[in-house]
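Numbering (UniProt numbering), first residue to last: 1 to 268.
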């Protein structure tokens, strides 16, 4: 044991969306000093563990239950000052964070979280899109459709889509037809732009598919996209090709704020 009395700390580190370079500096530093790393092998590229020091205990969790993962982390924390649970994207998004940390709390093992880049942001970046746009949408909803994991009452996709804001839809590419149906029930037109990005940021594996509510499923089928894909529906998609957009007030020369006085009048 590294200490006579105290266990080490378990760090839940977001590995980002797939590109090993998109892990945070803090996350990489923790990997470099870790005595044990438990990584999500079904989702996190194994290259993300290349920063581990020699002799580090490294375990792939894809065949483990929640209880087995917690037991591994607890045992590792009894031997090492720093233990990393490396997860895809951000640990707070669909990462079973609370389920895991409750078991660590019960064992009196300290833990902390290092956020990571979400596939929602990486997908928008891959396509050169913005998730918010002045006077179009200022709200982003991160959600999924019901599969084997049900949705809480009031969080059905059609109810969320009725707001006509940006929707980043996780874990739902195999249910794309249900996404289409929900958007239609919410009143989205057939020509509403839809973006699908598979393996956002993964070197050599990223696919970006642009379509509409009417044809996005056929386009994804043609590209054989059936897993690890983000669906984005947003009234802001394609805005860089619009003939005109509203300016952001922060950078408008007619708008004053505490760092800059307006240089022109509103109606100049």
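Using N, Cα and C, we set each Cβ at its ideal position, and we do this for glycine too.
From residue i to residue j, what does the alpha carbon distance come to, in whole angstroms?
i: residue 106; j: residue 35; result: 22 angstroms
i: residue 29; j: residue 21; result: 13 angstroms
i: residue 227; j: residue 172; result: 8 angstroms
i: residue 1; j: residue 78; result: Annotation note: pLDDT 46 at residue 1 (below 50); position unreliable, no value reported.
i: residue 50; j: residue 69; result: 21 angstroms
i: residue 92; j: residue 245; result: 34 angstroms
i: residue 271; j: residue 186; result: Only positions 1 to 268 of the chain appear in this structure, which leaves residue 271 out of reach.
i: residue 86; j: residue 44; result: 8 angstroms
i: residue 60; j: residue 38; result: 6 angstroms
i: residue 10; j: residue 98; result: 13 angstroms
i: residue 88; j: residue 110; result: 21 angstroms
i: residue 136; j: residue 219; result: 26 angstroms
i: residue 150; j: residue 132; result: 28 angstroms
i: residue 14; j: residue 84; result: 10 angstroms
i: residue 157; j: residue 182; result: 6 angstroms
i: residue 64; j: residue 54; result: 24 angstroms
i: residue 195; j: residue 96; result: 27 angstroms
i: residue 210; j: residue 71; result: 43 angstroms
i: residue 118; j: residue 243; result: 31 angstroms
i: residue 184; j: residue 32; result: 49 angstroms
i: residue 141; j: residue 239; result: 19 angstroms
Considering only the alpha carbon of each residue, which of the options lies closest to residue i?
i: residue 138; options: 68, 114, 163 and 87; result: 163
i: residue 56; options: 69, 43, 68 and 80; result: 80
i: residue 241; options: 193, 149, 93 and 70; result: 193
i: residue 116; options: 244, 131 and 94; result: 94
i: residue 148; options: 175, 130 and 132; result: 175
i: residue 16; options: 127, 202 and 222; result: 202
i: residue 123; options: 205, 113 and 188; result: 205
i: residue 179; options: 146, 128, 8 and 209; result: 146
i: residue 12; options: 40, 197 and 18; result: 40
i: residue 6; options: 45, 75 and 46; result: 75
i: residue 197; options: 110, 233 and 97; result: 233
i: residue 27; options: 114, 211 and 46; result: 114
i: residue 235; options: 217, 188 and 208; result: 188
i: residue 112; options: 212, 67 and 73; result: 73
i: residue 177; options: 231, 90, 25 and 66; result: 231
i: residue 103; options: 125, 67, 129 and 90; result: 67
Assuming residue i contacts residue j (C-beta within less than 8 angstroms), just tell me the rounded distance between them.
i: residue 214; j: residue 190; result: 4 angstroms
i: residue 155; j: residue 166; result: Not a contact, Cβ separation roughly 16 angstroms.
i: residue 168; j: residue 120; result: 4 angstroms
i: residue 247; j: residue 134; result: 7 angstroms
i: residue 8; j: residue 82; result: 6 angstroms
i: residue 208; j: residue 153; result: Contact flag wrong, Cβ pair sits at about 34 angstroms.
i: residue 48; j: residue 23; result: 6 angstroms
i: residue 18; j: residue 217; result: With 8 angstroms as the limit, residue 18 and residue 217 do not qualify as a contact, their Cβ atoms being about 24 angstroms apart.
What span of residues does the alpha helix (DSSP H) with residue i cover, start to end?
i: residue 56; result: No alpha helix (DSSP H) holds residue 56; DSSP gives it neither H nor E.
i: residue 277; result: Past the boundaries of the shown model lies residue 277; the chain is included only from 1 to 268, so the question cannot be answered.
i: residue 240; result: Looking at the DSSP string, residue 240 is not in any alpha helix (DSSP H), and its letter there is neither H nor E.
i: residue 100; result: 97-106
i: residue 178; result: 176-185
i: residue 125; result: 119-127
i: residue 160; result: 157-161
Going by DSSP, name the residue or residues bridged to residue i.
i: residue 169; result: 143 and 231
i: residue 193; result: 212
i: residue 111; result: 10
i: residue 38; result: 59 and 85
i: residue 22; result: According to DSSP, which records beta bridges pairwise, residue 22 is partnered with nothing at all.
i: residue 149; result: BP columns for residue 149 are empty, so no partner.
i: residue 221; result: Looking at the DSSP assignment, residue 221 forms no beta bridge with any residue, so it has no partner.
i: residue 137; result: 133
i: residue 198; result: 207 and 229
On the DSSP letters alone, give me the boundaries of the beta strand (DSSP E) that residue i sits inside.
i: residue 212; result: 207-212
i: residue 11; result: 9-14
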